[in-house]
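**Q** So the sequence lines, in the order shown, correspond to chains A and B. For the first sequence, our numbering assigns the number 1 to the initial residue and increments by one for each residue that follows. For the second sequence, our numbering assigns the number 663 to the initial residue and increments by one for each residue that follows. The beta carbon of each residue, even a glycine, is placed where N, CA and C say it ideally should be. There's a structure below that I have some questions on.
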Amino acid sequence: MIPEIGHYALVLALLLAVAQSVMPLVGAARRDVAWMETGRMAAFAQLAAITVSFAALMQAHVVSDFSVLNVVNNSHSLKPMLYKVAGVWGNHEGSLLLWVFMLALFGAAVAGFGRNIPPTLKARVLGVQGLIGVGFLLFILVTSNPFARVYPAPIDGNDLNPLLQDPGLAFHPPFLYLGYVGFSVAFSFAVGALIEGRVDPAWGRWVRPWTLVAWSSLTMGIAMGSWWAYYELGWGGWWFWDPVENASLMPWLAGTALLHSAIVVEKRDALKTWTILLAILTFSLSLLGTFLVRSGVLTSVHAFAVDPQRGVAVLGLLILATGGGLLLFALRAHALKIGGLFSPLSREGALVLNNLLLSVSAAVVLIGTLMPLLLDAFGHKISVGAPYFNFITPFLTIPLVLVMALGPFMPWKRADLSGVLSRMWVVALLTFISVMLALWLAGVKPVMALVGIAMAAWAGFGAVWEVAERVKLFRVPLGESLSRAKGLPLGAWGTAVAHAGMGIAIAGMVGTTFWLAEDVRVMKLGDKASIAGYEVTLDKVEDLAVANYRTEMGSFMIRRDGKLVSTLTAERRWYPVAKMQTTEAAIHTTFYSDLYIVLGEENPGGGGWVVRLYHHPLVPWIWIGSLVMVLGGCLSLSDRRLRVGVPARRTAPVPAALQPAE
Amino acid sequence: MSAVTRHRLLLLLPLAVFLILGGYFALGLTRDPSKLPSMLIDKPAPSFALPGLSEGEKGLSNADLLGKVQLVNVFASWCAPCRVEHPLLMRLAKEQGVTIHAINYKDKPDAAQAFLAQMGNPYTSIGADKDGRVAIDFGVYGVPETYVIDKQGRVRYRHVGPLMPFDVEETILPMIRELSK
């Protein structure tokens, strides 16, 4: 009964989404307040309906209702409760349901907050959100019904892919989707503005909080995914340039660019056409991500369940949304007034360069990801893998990081470079000291490692020093600096914190890429191995049966300078239902480095086990840095100037006349 | 052309680029990569001779593919799905006694050696295909790929992407049994 209620609620949600798209769009065109208001009500009602539907699917998973096909295919009665819940979105149908749930959440949030947004723009934004909802709800109902029943009901389920049964991955998709779907609001705002024919600084201010929410969530989601890959796939890699990873990186790059260009719109009333285009592209790349993951046009480690038929449907949605958005852009963008002028050497200039580099990066990732597909259409066979990306990354990242630290030191409109550089001498000095420190600790080779550390230090110290400069640290009494720090807008703190986080993350990436130490050996019980100053002893190996898997669990004693620092267990798990084997690495972290141990096969010859030992310097910083970036996003978000609902101070009179439609 | 027209045309550019891209996607969808039939199906494997991973080590040539049913696996150390399927190849080689040859695709020999040292080596022989020439002859779409070669050295089946347990049990192993008769 409950699954049927869920199914019914989903159909109801589709009808409400139709109402949410048609009524406010027509209402806005006819200036009919009542019709526009209906859009808001429909957005709330749609959220309620999808919540019921989502709760119904969750109930089926939690109680292991094996008369529901989705539960049979993705669950098992012995599966731990956490993964029964996470299993709701660990599959195609459920993840789409989560997708529309988030979409409705954002729609309702736009309807509920943002009272200061002009009613016609708000109605149009809600209408476009509704249209996206119609597309995806239709997609679910027609091709991917999560509530399909199976008769006779089997006794037990097929289990969730064991690689996905992991706490890190359980919450990775919700964050990722919050990011993907969050960009839909920026998209709707862009389309709304194109219909209105007007973008002004206030538009920049309205669109930024939504972009920030999406960006922070996406950052979190990507970081969690990479962390999962690091400890779960069993060799300590954290990024593989896998198509599905790239699919999440592209909207992140475009979204980062959007975040920055929206600032220029808000502060300087410039870059409007470009920002609108970015808003459309960012969400399109999110849709492309969904398309790549769900269609199986690219083979990938992540494509757990793919289906070309569904690919056609997602492609159709992608073409409608992106094609529609870009068509509107082509027809209407000329109506946007060109805004404030600025010299190339200015904060605007730095942000333009940032946008350029980020967009090129997104394009490079797009080309690298789709190249096999594109060339295949021509009849060529080629594979672009990690070598392509690893080759090209430094060329884009180094200038990006250089500008990232410089930009906040530059004033708007016009800057003088020598003045900016002279304020940055402390950063240069600290960077130099960091490189010397790295040289002393790790030696001159590889040179790229030193370049990387210089980048990380430049970004990190640059961000810190920028705040120090603003509060006049050491130049005025400490008390005054403190009160200046209190007076600093949270947005400025957010920028500094996010930029510093980027620096920290880069240090982590550089450390583990260039200074990794590894050792593979056969260890018998009691054998000792040493790596990076640690002494590792294989203490015991046990066979255990746990929940829905069997495990071979090796215990290792970790000593440093003769003192026991930790006892770790590394596992090799066998999931009999899914017929898959996974590894659980043993990790000892000091926050400066990780000791990473993997228990391998039993040695067929003379007993013992193949054990792989790694030392990953600085690797935890990748995720610490990512968290710091997310914190920066949250700080910016809580800036009262951006807070939705606070009456906005008009910086410039807004032209009242509308551009004539064509 | 006036500046205004040029400006309008520029605004059309994103749409044009996207439509071309969309066309390719649509085309791409008609070709499910995991079902892309190899041009070589039921034809003899292309003739090739690849050097080994290190100096003096035996490489792989089409002469090695004669005489019994065997697999050719295309892998690279930089390829994540390869790592996922590797334990399965290990089990195939060890528990089922299947002969697996490897083409190491566009890889650094050191990196490939390290990969095998870490993950185990299920391969009877390995050919280093540094510039990817032989992979092109095989029609490799991306790594990993696995080919089933029969006793006469003909390509009988092609699997694109990482092998999963059900691929092995439902397709690869039955096929090897059938062809070995």
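(1) Assign Ser144 of chain A to buried or exposed, taking buried as 16 or more other Cβ atoms, counted over all protein chains shown, within 10 Å of its Cβ.
(2) Going by DSSP, which residues form a beta bridge with Glu730 of chain A?
(3) Return the residue from the list A:Leu406, A:Met424 and A:Gly323 that minimises the CA-CA distance to Leu288 of chain A.
(4) If you measure from the beta carbon of Arg745 of chain B to each beta carbon in chain A, is any gap under 8 Å?
(5) Nearest-angstrom Cα distance between Val611 of chain A and Arg573 of chain A?
(6) Span of the alpha helix (DSSP H) holding Asp799 of chain B?
(7) What are the start and end residues of the alpha helix (DSSP H) that includes Lys528 of chain A?
(8) From this set, A:Leu233, A:Tyr575, A:Phe556 and A:Thr290, which residue's C-alpha is nearest Gln780 of chain B's C-alpha?
(9) In the structure shown, what three-state DSSP assignment does Asn653 of chain B receive?
(10) Determine which residues share a DSSP beta bridge with Leu544 of chain A and list them.
(11) On the criterion of 16 or more Cβ atoms from any shown chain inside 10 Å, does Ser664 of chain B qualify as buried, or is it exposed?
(12) Which residues mark the beginning and the end of the alpha helix (DSSP H) in which Ala45 of chain A is found?
(13) Any C-beta of chain B sitting closer than 8 Å to the C-beta of Gly323 of chain A?
(14) Which residue from A:Leu635, A:Leu341, A:Ile338 and A:Phe54 puts its Cα closest to that of Pro489 of chain A?
(15) At a CB-CB cut-off below 8 Å, which residues of chain B make contact with Leu277 of chain A?
(16) Exposed or buried, what is Arg726 of chain B when buried is set at 16 or more other beta-carbons lying within 10 Å of its beta-carbon?
(17) Do Leu10 of chain A and Ser77 of chain A have their C-beta atoms closer together than 8 Å?
(18) List the DSSP bridge partners of Trp609 of chain A.
(19) At a Cβ threshold of 8 Å, is Phe710 of chain B touching chain A?
(20) Leu178 of chain A: buried (16+ other C-beta within 10 angstroms of its C-beta) or exposed?
(21) Assuming Leu689 of chain B and Ile765 of chain B are in contact, meaning their beta carbons sit under 8 Å apart, how far apart are those beta carbons, in whole angstroms?
(22) Report yes if the CB atom of Leu218 of chain A is closer than 8 Å to the CB atom of Ala254 of chain A, and no otherwise.
(23) Using a Cβ distance threshold of 8 Å, determine whether the region 536 to 545 of chain A contacts the region 117 to 127 of chain A, with at least three qualifying pairs required.
(24) Closer than 9 Å by beta-carbon distance: list the chain B residues that pair up with Arg414 of chain A, in chain order.
(25) Have a look at Lys122 of chain A and Val33 of chain A and give me their C-alpha separation to the nearest angstrom.
(26) Within 10 angstroms of the Cβ of Ala153 of chain A, are there 16 or more other Cβ atoms? Answer buried if so, exposed if not.
(27) Given that a residue counts as buried once 16 or more other Cβ atoms are within 10 Å of its Cβ, and exposed if not, what is Glu266 of chain A?
(28) From which residue to which residue does the alpha helix (DSSP H) around Met752 of chain B run?
(29) Can you have a look at Arg839 of chain B and say buried or exposed, based on whether 16 or more other CB atoms are within 10 angstroms of its CB?
(30) I'd like to know whether the C-beta of Phe680 of chain B is nearer than 8 Å to at least one C-beta of chain A.
(31) How big is the Cα-Cα spacing for Arg702 of chain A and Leu417 of chain A?
(32) According to DSSP, is Phe556 of chain A helix, strand or coil?
(33) So for Thr786 of chain B, helix, strand or coil by DSSP?
(34) Considering only the alpha carbon of each residue, which of A:Leu105, A:Gly554 and A:Gly443 lies closest to Arg40 of chain A?
(35) Listing by chain order, which chain A residues have their CB less than 7 Å from the CB of Leu673 of chain B?
(36) Could you compute how far the alpha carbon of Leu671 of chain B sits from the alpha carbon of Ala330 of chain A?
**A** Let me spell this out:
(1) So Ser144 of chain A counts as buried.
(2) Absent from the model: residue 730 of chain A. The displayed extent of chain A is 1 to 662, so no value can be given.
(3) Nearest C-alpha to Leu288 of chain A: A:Gly323.
(4) Judged by the 8 Å Cβ criterion, Arg745 of chain B is in contact with chain A.
(5) 15 Å
(6) Arg795 to Phe800
(7) No alpha helix (DSSP H) holds Lys528 of chain A; the beta strand (DSSP E) holding it covers Lys528 to Ile531.
(8) A:Leu233
(9) Only positions 663 to 843 of chain B appear in the structure, and residue 653 of chain B is not among them; the question remains open.
(10) Bridge partners of Leu544 of chain A: A:Thr551.
(11) Answer is exposed; the Cβ neighbour count stays below 16.
(12) Val33 to Val62
(13) yes
(14) A:Leu635
(15) Pro676
(16) The sequence given here has Asp at residue 726 of chain B, not Arg. Flag for Asp726 of chain B reads buried.
(17) The Cβ atoms of Leu10 of chain A and Ser77 of chain A do not sit closer than 8 Å to each other.
(18) A:Met523 and A:Glu602
(19) No, no contact with chain A.
(20) The Cβ neighbour count for Leu178 of chain A, taken over all protein chains shown within 10 Å, is at least 16; the residue is labelled buried.
(21) Not really, about 28 Å apart at Cβ, beyond 8 Å.
(22) no
(23) Not touching, per the Cβ criterion.
(24) Under the 9 Å cutoff, chain B gives no residues; its nearest Cβ is about 26 Å from Arg414 of chain A.
(25) 12 Å
(26) exposed
(27) With 16 or more other Cβ atoms within 10 Å, it is buried.
(28) Ala742 to Glu757
(29) exposed
(30) yes
(31) Residue coverage of chain A in this structure runs from 1 to 662, which leaves residue 702 of chain A outside it and unanswerable.
(32) Correct three-state label for Phe556 of chain A: strand.
(33) coil
(34) A:Leu105
(35) Phe329, Ala330, Ala333 and His334
(36) 8 Å
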